[in-house]
Structures are given as structure tokens and as C-alpha cells.
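First the structure, in the form of C-alpha cells, and then the observations on it.
Protein chains in written order, with our numbering: chain A, 786 to 1062; chain B, 34 to 401.
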């Protein structure tokens, strides 16, 4: 082992490296061009910034001409609140659906599965109408509600699978110990599915942070724009301020990266090792 | 204080009957072992006593209380699971203290009890370890420790040794027996291994197909199995069964013919008639090599297993029955050769066509 490298492994690694380049390329492109003059961006898009082309004018303009801080705060609020709600409600629902047998159990499971198959954007018109009736247009609440609905089905599916893998004896042992059902959920189930929660969090967070569609139709009003929508003001029909666009995108990547690094620690951890046998 | 009694307990999942009409009483301080093949309902019965399963009928009493409606935590029981069921994200100390935290026990008392249990089980140096850092035997001890700290009236063990290797199993078996002596608590133990049952139990409950076949002290079951199932289940290697027939009947003395030989046994009056088919049972360890006495079995040797202190001779009789003989020490027998085993008539078991023992003075004992 170790000394001989099988051709299959090399192929896999080539594929992985290619995919990594493909995934990181655009991000790198944004990063290097955010610090270049407009002329340099068009003259040499792949070149690194040097003494002549270096500039932070994009960032200056972003902070000067827009409420970047506000957009950023809006995005962060929507993402974090949605994330917490999805994980919490999702885990509770998954626990209920896998642990307790009650009439309608399978039906609810199927209903939620449909939510995975049908994209929520198909319902945009009805959602907008509903939000208008509820007086929620131009609020962050509208966005959070939609994102929670969008994220829940997959979260419940993934977390349910994980909860099922937790040995039944553990719950029975806790019950014999006189631990309440809520406590079992909070003290035993939640810690043991933390790798799954990290997975769900990452899968949920990125689309919510990046979404342009729902902010555009549900909360386009002043003061409620998210960062993706805020960037749009630099993209004009006739003139696009590329420096500002790239600078704000650079700033927008940062929090996702931080959250990802936070969760990825748990992603690959087998916490259940040693639970049984 | 903590006797357990079951009255007409029944359990079914849908149309499948798992347990039917179970009646059993376990005295305070007794060590009762439920034994039976897999699927006989023994684990379900234990879980019913624990309160992890509901019953479809009947009543369960612990102490003098009816506990049918009580959740596990209020039954004063503690259960040790086959898989140990340790909380993987907590260290040994927390595993043992976890249940007490919610029982409104104060911190100092929790600490005292955990340390005491750890002392008893030699777990003190391991208190800070996580379950995954422990060996199988240590995990088993933590699981037992978690039960001890609850100070239960009844301990329930669900096949606690089946995940351990053979040597450790013997050790842990002895530890559990010692624990029972020291604590004096009522213990109910489920296993499919009849050796564990024989060595640990003060009372064995043999179960099959959701029914209790026989209840009794280990040696009582060994000596006087009430039916074919118990006879075959208790004892290793298993009892030999040979088809036979009642040749003559004089009062309670029946002459049974089997495998070309015959023997006179004392049977319950009225239980047999001349000409009835019977099954004759004889334990491998009760036969002796050689001997041309009246009752002996002759056959061809299929295989020989030498264990040093004893030898197992597998032979096929002319009647087609396969018989195992346990000969003490080493043997000269070789496969292909012929073999004769003497059968002492007093060691015979005789079962009627329905599989019930017909020996006089046996098979009539009432359930414990």
C-alpha cells in the first residue's frame, strides 16, 4: 500500500483537480480583477494586478455610492435566520417522522418529498400574491419564509436518514434513564447528527445567499435589498461599473467562505463511532 | 420489595402473535434468565417489563404496583443493552451521570454514586474517556455502571455478553454473578446461550414461539426437562433423540424399544399404551464407551473430535439415527470404525408423541 499508485486513482485525481480549477477559476477571476483599473480589466483579464494597474477604486465607489453595509446586513440576516430555522425545524420534523409512528406519517413524508422535486420558483406568482395579502412585501420576513420552505424538504430528508442510523438502543437507554423526549432530542440526537446538520447548512446557505430571484420580486424596495440585488445597481443598461461590481462580489464571497469553513470541520466527522459495539 | 410478576401477558404486532399468555413470577433478589432460540419473544418480554414496549393484554407488576401504564423511568428498572448503547459524545462519567441529572438528584450525590459504581467496576481510571476509546469489555462495564448508579430495584440485561469474545465473556459472566451477590437486586437476563443461563440463573425460563416451555432451577431443567424442546435446548452438546416404541407395559414399567435395543423405564401411569410411538432422549455425557450390557447402541463412526479432557464420537446407528457420545479423556475410535456405547436406563428420557416427558415423577411440576 502507498507505494504503488493505481491508474484509477490518478484518473480520479485528475478529474478532481480539473473540477477544482473549474470551480475556483471564476472566483479567482473576480478577486484579481477587483483590484485592477478598468482599463486593465479589459486589456488583460487574466493578469495579476501590478504597480500600474493596482487600484481599490471599486471598493471606494461601493462604499461611497451604495448602502453596502445595509445590503450585507440584510443578506446575512436572511441567510442566518433561514439557516437556523431550517436546521431546527428540519431536525425536529425528521425526528418526529422517523421516531414516532402516527397516522399520516407516510403521507407527510411523501408530501415533503414532493417539495424536493418541484422547484419553488414555479410558485413565484402565488407566493407574491400571498405576500401582498399578508402585507409582507418588501420585508426580510417574506424572504426568510420562502427560503425556509425551500430548504426544509431536503433538510428533513437528509436529517431523517441520519437519525435513522442512530441506534434505537440509544433512545431506549435514555428513556430507561428517565430522560424526556425533548431532552433526548436535544442532548442525544442533535449532537449525533451534527455532521448532517453541517451538510444541510452548507447546502442551504449557498443558494440562499446567492439568490437574486426572490429578493428581486419580493423585497426590491429601498433598504431591504440583499447583496445580490444591491450589486445590480452597478450593472446598467448602457454602462456597467465593473470595478464596483467586482469589488462588491469580492466582499460578498467572504461570509460564505467563513461559514463554510466553520461547518466543514464537522462535515467529515464520524461522531457515532464507538456508540455501539 | 422488587418482585416482578406477569399475568397473562400477550403481545402482537398486527396479526403476528409474539407472546401469548405469559405467566411468571420473579421473587425479590432472584436471578432469572430468559433463554430460547432467536425469535422466541424473550427480548420482547424483557422490553415489556422495561416499559419500552406496550402489551396487548395482561398485567405487569413490579413490587406491588401495576406498571402497565408507567414509563420506563418510573418503574425503578435499569436496562443493559446488547449494543451497550453508550452515548458516544459523552465521556464515561457523563454517560453514567446522564440519567441522574434529570432525576433531580443533587450534584454531590450524583458524583458519589458515579464514583462508587466506577470503583465497583474498576472504571475509575477511565472516567474521562469517550466510549470509542474503550474496549468491548470496558464498554460493557460502563453500560452496567450506568445501570448501577440508578440504584434500581430490577436490573434487566438484554444479551449483554453476545458482543464480547469468548474469554471476556466468561470473565464478565463471573462479574455479573458477583454483582448480583453483592447488590442482592432482582435481575432478569435474556440470552440465547444456554451456558450463560445455566451458570448465572437461580431460575431459568425456557421460551419458544412466544410461550414459556418450562421454568425451573438450572439443574432441575437439565435433569427433568418437561418436553422435547427443553430437553434439546438445555445441555451441550444437545441431547440425542431416537425414535422408539412402547413394547410392553406392566403397571408403570414400560419396556421401550429403540435402535435395536430396549430398556425398562418407570413412566407416569396412564401416559402411555403398548405400541405407542415415543422419542427416547439420552445425553451424550450419560453414555459410556463399550459395554455389551443389555442396553447399548452400536453404530459406525462418522467423526471424532478430541478435546483432550473428553472426546465427542459422532456415530450413525443401523436404524439411521445420528448419535453423539461424549467419552471422557481420549479415545481410540476412528472414523469408519464401529462403536458401541452403553446406555444406562436411569439416564433415559422418554417423550410421548406430543413431545411431553412421560417419566414418573417428572414433567408434572408446576410453573414457578
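By construction, the Cβ of each residue, glycine as well, lies at the ideal position given by its N, Cα and C atoms.
CA nearest to the CA of residue i, picked from the options
i: residue 40(B); options: 228(B), 132(B) and 244(B); result: 244(B)
i: residue 852(A); options: 831(A), 1029(A) and 963(A); result: 1029(A)
i: residue 309(B); options: 288(B), 187(B), 246(B) and 169(B); result: 288(B)
i: residue 940(A); options: 987(A), 913(A) and 888(A); result: 987(A)
i: residue 9(B); options: 220(B), 136(B) and 273(B); result: Since the first residue shown for chain B is 34 and the last is 401, residue 9(B) is missing from the structure and cannot be characterised.
i: residue 260(B); options: 50(B), 74(B), 239(B) and 349(B); result: 239(B)
i: residue 811(A); options: 801(A), 871(A) and 831(A); result: 831(A)
i: residue 118(B); options: 816(A), 836(A), 960(A) and 930(A); result: 960(A)
i: residue 1063(A); options: 905(A), 1019(A) and 963(A); result: Residue 1063(A) lies beyond the range of chain A shown here (786 to 1062); nothing can be said about it.
i: residue 182(B); options: 146(B), 199(B) and 160(B); result: 146(B)
i: residue 31(B); options: 348(B), 367(B) and 377(B); result: Nothing in the structure corresponds to residue 31(B), since chain B is present only between 34 and 401.
i: residue 929(A); options: 999(A), 816(A), 950(A) and 1014(A); result: 999(A)
i: residue 391(B); options: 354(B), 305(B), 316(B) and 368(B); result: 305(B)
i: residue 250(B); options: 65(B), 361(B) and 208(B); result: 65(B)
i: residue 862(A); options: 796(A), 985(A), 924(A) and 806(A); result: 924(A)
i: residue 207(B); options: 219(B), 225(B), 189(B) and 230(B); result: 230(B)
i: residue 167(B); options: 184(B), 123(B) and 136(B); result: 123(B)
i: residue 297(B); options: 93(B), 52(B) and 328(B); result: 328(B)
i: residue 1025(A); options: 799(A), 827(A), 798(A) and 978(A); result: 827(A)
i: residue 369(B); options: 334(B), 354(B), 349(B) and 343(B); result: 334(B)
i: residue 106(B); options: 184(B), 354(B), 90(B) and 52(B); result: 184(B)
i: residue 47(B); options: 267(B), 351(B), 88(B) and 360(B); result: 88(B)
i: residue 43(B); options: 267(B), 111(B) and 78(B); result: 78(B)
i: residue 303(B); options: 290(B), 284(B), 318(B) and 373(B); result: 284(B)
is_contact[residue i, chain A] using C-beta, thresh 8 angstroms
i: residue 43(B); result: no
i: residue 348(B); result: no
i: residue 280(B); result: no
i: residue 135(B); result: yes
i: residue 105(B); result: yes
Below-8 angstroms beta-carbon distance, residue i vs any chain B residue
i: residue 1060(A); result: Summary for residue 1060(A): the model assigns pLDDT 41, below 50, so the residue's position carries little reliability; its value from the coordinates is reported in the next sentence. Closer than 8 angstroms: yes.
i: residue 991(A); result: no
i: residue 845(A); result: no
i: residue 819(A); result: no
i: residue 976(A); result: yes
i: residue 1056(A); result: Caution is warranted here: a pLDDT of 41 is assigned to residue 1056(A), below 50, making its placement in the model unreliable, and the coordinate value is therefore given only provisionally. With 8 angstroms as the cut-off, residue 1056(A) counts as an interface residue toward chain B.
i: residue 952(A); result: yes
i: residue 968(A); result: yes
i: residue 973(A); result: yes
i: residue 1039(A); result: no
i: residue 872(A); result: no
i: residue 908(A); result: no
i: residue 875(A); result: no
i: residue 1024(A); result: no
i: residue 1074(A); result: In the structure displayed, chain A extends from 786 to 1062; residue 1074(A) sits before or after that span and is not available.
i: residue 805(A); result: no
i: residue 887(A); result: no
Beta-carbon gap between residue i and residue j smaller than 8 angstroms
i: residue 927(A); j: residue 1004(A); result: yes
i: residue 84(B); j: residue 108(B); result: yes
i: residue 187(B); j: residue 37(B); result: yes
i: residue 385(B); j: residue 337(B); result: no
i: residue 346(B); j: residue 364(B); result: yes
i: residue 820(A); j: residue 834(A); result: yes
i: residue 125(B); j: residue 159(B); result: yes
i: residue 850(A); j: residue 1031(A); result: no
i: residue 169(B); j: residue 189(B); result: no
i: residue 937(A); j: residue 874(A); result: yes
Under 7 angstroms from the C-beta of residue i: neighbouring residues of chain C
i: residue 85(B); result: Among the chains of the structure shown, chain C does not appear; the protein chains present are A and B.
Exercise for the section: Let me know the alpha helix (DSSP H) ranges lying completely inside the segment 866-907 of chain A, each 4 residues or longer, listed in chain order. Expected result: The qualifying runs are 890-902.
Handout entry: Any beta strand (DSSP E) of 3 or more consecutive residues that is wholly inside the segment 193-248 of chain B
Key = 219-224 and 236-241
Exercise for the section: Taking a Cβ distance cut-off of 7 angstroms, strictly less, list which residues of the segment 111-137 of chain B are near chain A, in chain order. Expected result: 111, 112, 114, 116, 117, 118, 119, 120, 121, 122, 131, 132, 135 and 136
Exercise for the section: Note down, one range per segment and in chain order, each alpha helix (DSSP H) of at least 4 residues found wholly within the segment 256-311 of chain B. Expected result: 261-266
Handout entry: Ranges of the beta strand (DSSP E) found wholly within the segment 51-76 of chain B, counting only runs of at least 3
Key = Runs found: 64-68.
Exercise for the section: List in chain order: all unbroken alpha helix (DSSP H) runs of 4+ residues lying wholly within the segment 834-865 of chain A. Expected result: 842-850
Handout entry: Secondary structure, alpha helix (DSSP H): runs of 4+ residues fully inside the segment 945-973 of chain A
Key = 953-961
Exercise for the section: May I have a chain-ordered list of the beta strand (DSSP E) segments no shorter than 3 residues that lie completely inside the segment 991-1043 of chain A? Expected result: For the segment 991-1043 of chain A, not a single whole beta strand (DSSP E) run of length 3 or above is found.
Exercise for the section: Within the segment 98-155 of chain B, note down every full beta strand (DSSP E) run reaching 3 residues or more, in order along the chain. Expected result: 110-113
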